[in-house]
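Heads up, the thing below is written out as structure tokens.
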Ligand SMILES: NC(=O)c1ccc[n+]([C@@H]2O[C@H](COP(=O)([O-])OP(=O)(O)OC[C@H]3O[C@@H](n4cnc5c(N)ncnc54)[C@H](OP(=O)(O)O)[C@@H]3O)[C@@H](O)[C@H]2O)c1
């Protein structure tokens, strides 16, 4: 089968389109025929070796940790899936990924994919959707009437976080550049701040929740935007606890793993009409270097999806 692998860490030149055997499955795993995978910044961070200390991947490694596809084989202990089931997943980051025609995934890491969207759209959801859900629902516990600031509302995670916070009844403020304003408004943001034209701190009244998807100066500048007792949730770096305490607020760090129960909640939202994935670009496996270049530019709109092949 065709797979995009790395044999060493490095730039986009280390992306290698290889012909390798279809993976064997363990008794608790399913083999998924990949219809679509998606790109996340973690993919090129792994490719570059930035996570090598944290996750000692054996090389060569197939990249990619989002998939929508069809079950092609089930392990002997698997009872919840049958050949032909349409599933989506954010599989274990420590294992070979989904930029391939087939991937072996633990059965408990899969969920039934939403019925009302395509495989391409479904592939865009798992990693970014679990991240947005764990940040907005679990960490921040966003509820009715709360004011929530989502940084990078046009990004893969931000575009879903806006909708999840909005569905929870929050008043949502999102940052983006002017060219993405209409998109971010269409996702349900009540206020959109063009960070290229306005200092965010000058445009935003105090909020209960900040969702930091950018880190660095953005995280630092966001502390003063919080109401007393508020929370800044970061997916970039653990917030400075002393800084939070000084301000009378809290910080939280989210780093996600596989989470099939949340995938089921996301699928229910999609099929119920309260969540729509945003796919801004689609590439084939052969165009993987261009797909990584777009993600690395920091200018992607919504999600970048890799179309692998028909179900
Ligand atoms: N901890 C975790 O478990 C976890 C999970 C998922 C993602 N992450 C991390 O979270 C980050 C975001 O991921 P993602 O997939 O959402 O990224 P992404 O889709 O690549 O983000 C791109 C978007 O960011 C916007 N943007 C860039 N600079 C901005 C700024 N200064 N202010 C406002 N918007 C800005 C861009 O909009 P404009 O072009 O309009 O500027 C673009 O639409 C990545 O670093 C990723 O590795 C962590």
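Numbering (UniProt numbering), first residue to last: 1 to 311. All residues carry an ideal CB built from backbone N, CA and C; glycine is no exception.
### Query
So does residue 305 have its beta carbon nearer than 7 Å to some heavy atom of ligand 1?
Translated into the one-based positions of the chain shown, residue 305 becomes position 305. Flag unset: Cβ of residue 305 not near ligand 1.
Which stretch, first to last residue, makes up the beta strand (DSSP E) that contains residue 194?
Here residue 194 corresponds to residue number 194 of the chain shown, with the count starting at 1. Looking at the DSSP string, the run of the beta strand (DSSP E) that includes residue 194 is 191–194.
Report whether the distance from the Cβ of residue 62 to the nearest heavy atom of ligand 1 is below 7 Å. Position 62 of the chain shown, counting from 1, holds the residue named residue 62. Answer for residue 62: no, Cβ out of range of ligand 1.
Tell me whether the beta-carbon of residue 279 lies closer than 8 Å to the beta-carbon of residue 303. Numbered from 1 along the chain shown, position 279 holds the residue referred to as residue 279. Numbered from 1 along the chain shown, position 303 holds the residue referred to as residue 303. Yes, the Cβ-Cβ distance between residue 279 and residue 303 is below 8 Å.
- Minimum length 3: unbroken beta strand (DSSP E) runs contained in the segment 191–227: Secondary structure within the segment 191–227: the beta strand (DSSP E) runs of 3 or more consecutive residues, fully enclosed, are 191–194 and 207–212 (chain order).
Exercise for review: Return yes when the C-beta of residue 147 is under 7 Å from any heavy atom of ligand 1, and no when it is not.
Suggested key: Translated into positions along the chain shown, residue 147 becomes position 147. Not so, every heavy atom of ligand 1 lies at least 7 Å from the Cβ.
I want to check one thing, is the minimum distance from the CB of residue 292 to the heavy atoms of ligand 1 below 7 Å? On the chain shown, residue 292 is found 292 positions in, with the first residue counted as 1. No.
inquiry  = Beta-carbon within less than 7 Å of residue 308's beta-carbon, same chain only, minus the 5 sequence neighbours each way: which residues are those?
reply    = One-based indexing of the chain shown puts residue 308 at position 308. 34, 35, 36, 37, 101 and 285.
**Message:** Within 10 Å of its beta-carbon, does residue 157 have 16 or more other beta-carbons around it, so buried, or fewer, so exposed?
**Reply:** The residue given as residue 157 occupies position 157 in the chain shown. Buried, since its Cβ has 16 or more Cβ neighbours within 10 Å.
Next on the checklist: Assess contact between the segment 116–124 and the segment 240–254, defined as three or more Cβ pairs (one per stretch) separated by less than 8 Å. Is contact present?
Outcome noted: The segment 116–124 vs the segment 240–254: no contact.
Is residue 52 closer than 8 Å to residue 9 when the C-beta atoms are compared? The residue given as residue 9 occupies position 9 in the chain shown. The residue given as residue 52 occupies position 52 in the chain shown. Residue 52 is positioned such that its CB atom lies closer than 8 Å to that of residue 9.
**Request:** Please indicate yes or no: does the CB of residue 17 lie closer than 7 Å to some heavy atom of ligand 1?
**Result:** The count along the chain shown starts at 1 and reaches residue 17 at position 17. Result no, Cβ not under 7 Å from ligand 1.
(request) Would you give the residue range spanned by the alpha helix (DSSP H) that residue 43 belongs to? (result) The residue labelled residue 43 in the question sits at position 43 within the chain shown. Secondary structure note for residue 43: its alpha helix (DSSP H) is the uninterrupted segment 41–48.
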